[in-house]
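Residues in the sequence shown are numbered consecutively from 67, following the numbering used here.
Where is the CB? At the ideal position from N, CA and C, for every residue including glycine.
Taking it in order: structure first as structure tokens, then the write-up.
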Amino acid sequence: MDSPSVLDMIEASSRAHFSGFHMDGLQARHAVEPPTTSMAESESMHMQPFVIGVAGGAAAGKTTVCDMIIQQLHDQRVVLVNQDSFYHNLTEEELKRVHEYNFDHPDAFDTEKLLSSMDKLRHGQAVDIPNYDFKSYKNNVFPARRVNPSDVIILEGILVFHDPRVRELMNMKIFVDTDADVRLARRIRRDTVEKGRDIGSVLDQYSKFVKPAFDDFILPTKKYADIIIPRGGDNHVAVDLIVQHIRTKLGQHDLCKIYPNLYVIQTTFQIRGMHTLIRDSQTTKHDFVFYADRLIRLVVEHGLGHLPFTEKQIITPTDSVYTGVDFCKRLCGVSVIRSGESMENALRACCKGIKIGKILIHREGDNGQQLIYEKLPKDIAERHVLLLDPILGTGNSAVQAISLLIRKGVPESNIIFLNLISAPQGVHMVCKTFPRIKIVTSEIDIGLNEDFRVIPGMGEFGDRYFGTDEDDQQAVDPAL
Ligand SMILES: Nc1ncnc2c1ncn2[C@@H]1O[C@H](COP(=O)(O)OP(=O)(O)O)[C@@H](O)[C@H]1O
Ligand SMILES: Nc1ccn([C@@H]2O[C@H](COP(=O)(O)O)[C@@H](O)[C@H]2O)c(=O)n1
Ligand SMILES: [Mg+2]
Numbered sequence: 067m068d069s070p071s072v073l074d075m076i077e078a079s080s081r082a083h084f085s086g087f088h089m090d091g092l093q094a095r096h097a098v099e100p101p102t103t104s105m106a107e108s109e110s111m112h113m114q115p116f117v118i119g120v121a122g123g124a125a126a127g128k129t130t131v132c133d134m135i136i137q138q139l140h141d142q143r144v145v146l147v148n149q150d151s152f153y154h155n156l157t158e159e160e161l162k163r164v165h166e167y168n169f170d171h172p173d174a175f176d177t178e179k180l181l182s183s184m185d186k187l188r189h190g191q192a193v194d195i196p197n198y199d200f201k202s203y204k205n206n207v208f209p210a211r212r213v214n215p216s217d218v219i220i221l222e223g224i225l226v227f228h229d230p231r232v233r234e235l236m237n238m239k240i241f242v243d244t245d246a247d248v249r250l251a252r253r254i255r256r257d258t259v260e261k262g263r264d265i266g267s268v269l270d271q272y273s274k275f276v277k278p279a280f281d282d283f284i285l286p287t288k289k290y291a292d293i294i295i296p297r298g299g300d301n302h303v304a305v306d307l308i309v310q311h312i313r314t315k316l317g318q319h320d321l322c323k324i325y326p327n328l329y330v331i332q333t334t335f336q337i338r339g340m341h342t343l344i345r346d347s348q349t350t351k352h353d354f355v356f357y358a359d360r361l362i363r364l365v366v367e368h369g370l371g372h373l374p375f376t377e378k379q380i381i382t383p384t385d386s387v388y389t390g391v392d393f394c395k396r397l398c399g400v401s402v403i404r405s406g407e408s409m410e411n412a413l414r415a416c417c418k419g420i421k422i423g424k425i426l427i428h429r430e431g432d433n434g435q436q437l438i439y440e441k442l443p444k445d446i447a448e449r450h451v452l453l454l455d456p457i458l459g460t461g462n463s464a465v466q467a468i469s470l471l472i473r474k475g476v477p478e479s480n481i482i483f484l485n486l487i488s489a490p491q492g493v494h495m496v497c498k499t500f501p502r503i504k505i506v507t508s509e510i511d512i513g514l515n516e517d518f519r520v521i522p523g524m525g526e527f528g529d530r531y532f533g534t535d536e537d538d539q540q541a542v543d544p545a546l
């Protein structure tokens, strides 16, 4: 155990200069051990902020929804960027005929400037964002707003989904969907009270520009949204769900910054879909096994990417030289009985003829973990070990299993712990006790409940995978 280096890592991650966009933990990694030659490590070094786009018609409640999200994320680093800030300044000629100017057309915005500001923010640089004045139609009457890089950037505006380059920046797209009559009523109140305009000009602008632009440019972008929020800020359920999702993402970022040896495989909607199925209590055993196997295969493949390799040149059938790599040969798997056995097939499918040992840890409550059985390859000390257990909860079983491997002579840095779901408590426990082992997982959950079970989690993995849970027994024989 090398606890001072862990403390160094935690300290490094909380210094004032630390930015969520850079894997500053990379420096900490060097303090723990020299960089190895595995590819997956270099891929995951650069961490980007989580970008949320919020679009919708004028006065739909976009700003209100963003304010609610930011308020609920009060303890997190979140910044709001308004598309309004990037309105072009009007020329003298345009100012004279301002009632003929279309503020709802995509050309009214300086999208190039918006893109360059977002690019800087995403790469960890502070930017000065103009303050737009709706009364003078100018963006340079006030000092610019200094926006610092953060873990979450919310980009809000009527047309933020219009330009594909802007859309591509977004990890999550929200469309605030509010009835046209509500939007018009709110707009009349806002523009007369806040912008000092008369009701006649508000209605003129609405029928001439606002409504046609909504139909032509804003509504067609609704299809890009991942989430549509009906009724805007009145929809507390939707806002709560969004905040929960962002918190999960931020939690993952924070843990990965503290522990550079923790690797969360990059999420996709396929992966989210598989998690949705295996976590659903209504999923049948057959589907559970099918989707758990798919996820396990992904985690195993990712884990193998962390093994060292040697360069190898071969000759192709065209007599050309191909410079590739040779797999690491001295490998073995170790499954934690019983759930970990579900991961053995995927490992065998990837590594022909791999030896797989077993460890049985008896769980009494959650303090009394006891090692009661082990069968490991004799030469395990000379092998890289892939430790298999689908759930990392408290971390107690994992610590028992890893301690045994270390007692058998396996160097800590030769152990890769593969799992599907990790609780932050387990990650802290394992990574603090064994700072040199690597953890590869597919999702980090919120935490543990009072029974030390992972939440939201997915129940008892072994029971669901091997069909020994009560519901399933009843499904086989209703008399039971
Ligand atoms: N749920 C709501 N109930 C009542 N008024 C609202 C609600 N949401 C927004 N408003 C008001 O409507 C106006 C427009 O809301 P805003 O959030 O600024 O919309 P947007 O940013 O989409 O233009 C504001 O004056 C705001 O106070
Ligand atoms: N000088 C301006 C600039 C914009 N508008 C209107 O604002 C709307 C967009 O702002 P939201 O907060 O509602 O998204 C848009 O409909 C423009 O017509 C304006 O009236 N004057
Ligand atoms: Mg707004």
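Inclusion of Arg-212 and Leu-181 in the CB contact set at 8 Å is not warranted, their separation being larger than that value.
Residue environment for Thr-244: buried (at least 16 other C-beta atoms within 10 angstroms of its C-beta).
Taking C-beta separations shorter than 7 Å and ignoring five residues to either side along the sequence, the partners of Thr-287 in its chain run Ala-121, Phe-227, His-228, following chain order.
One thing to note: Glu-509 has its Cβ no nearer than 8 Å to the Cβ of Ile-482. Excluding the 5 residues flanking it on each side, Thr-376 has same chain C-beta neighbours closer than 7 Å at Val-391, Asp-392, in chain order. In this structure, Met-409 lies near Leu-454, with their beta-carbon atoms less than 8 Å apart. Shown in chain order are the residues whose CB sits closer than 7 Å to a heavy atom of ligand 3: Lys-128, Thr-129, Asn-148, Asp-150, Glu-222. Going by DSSP, Ser-267 is part of the alpha helix (DSSP H) stretching over 265-271. Short note on Gly-317: C-beta not closer than 7 Å to any heavy atom of ligand 1. The shortest C-alpha to C-alpha distance from Asn-197 to any of Leu-187, Asn-155, Ile-219 is the one to Asn-155. Assignment of beta-bridge partners to Thr-507 by DSSP yields Val-330. When DSSP states are grouped into helix, strand and coil, Ile-294 belongs to the strand group.
Under the DSSP assignment, Lys-378 falls outside any alpha helix (DSSP H), being part of the beta strand (DSSP E) whose first and last residues are 376-381. Take Ile-505, set aside five residues on each side of it, and the residues of its chain with a beta-carbon closer than 6 Å to its own are Leu-328, Phe-483, in chain order.
Not one heavy atom of ligand 1 falls within 7 Å of the beta-carbon of Ala-291.
For Asp-194, there is no enclosing alpha helix (DSSP H); the residue is found in the beta strand (DSSP E) stretching over 193-195. Distance from the CA atom of Asp-359 to the CA atom of Gly-533, rounded to whole angstroms, is 14 Å.
Secondary structure note for Val-476: it is in no beta strand (DSSP E), with a DSSP letter that is neither H nor E. Contact between the region 172-192 and the region 134-148 is present: 3 or more CB-CB pairs across the two stretches fall below 8 Å. Taking the Cβ atoms as the reference, Leu-321 lies roughly 6 Å from Pro-490, within the contact range of under 8 Å. Judged by the Cβ position, Gly-523 fails to qualify as a neighbour of ligand 1 at the 7 Å threshold, every heavy atom of the ligand being at least this far. Secondary structure note for Glu-222: its beta strand (DSSP E) is the uninterrupted segment 218-222.
Arg-143 has its alpha-carbon roughly 41 Å from the corresponding atom of Lys-351.
The C-beta separation of Asp-173 from Phe-275 comes to about 12 Å, leaving the pair out of contact by the 8 Å criterion.
Sequence-distant Cβ neighbours of Glu-407 in its own chain, meaning closer than 6 Å and more than five residues away, are Ser-401. Taken atom to atom, the span from the alpha-carbon of Ala-246 to that of Pro-296 is near 12 Å. For Asn-411, the enclosing alpha helix (DSSP H) stretches over residues 410-416.
Under the DSSP definition of a beta bridge, Met-238 partners with Ile-118. Here Asn-237 is near Ile-118, since their CB atoms are less than 8 Å apart. Counting along the chain, the unbroken beta strand (DSSP E) around Tyr-388 starts and ends at 387-392. Beta-bridge partners of Lys-421 (DSSP): Cys-398. Closest in alpha carbon position to Ile-425, among Ser-469, Asn-411, Lys-418, is Ser-469. Excluding the 5 residues flanking it on each side, Leu-373 has same chain C-beta neighbours closer than 8 Å at Ser-104, Phe-393, Cys-394, Leu-397, His-450, Ile-482, in chain order. Secondary-structure assignment with DSSP links Gly-513 through a beta bridge to Ile-521.
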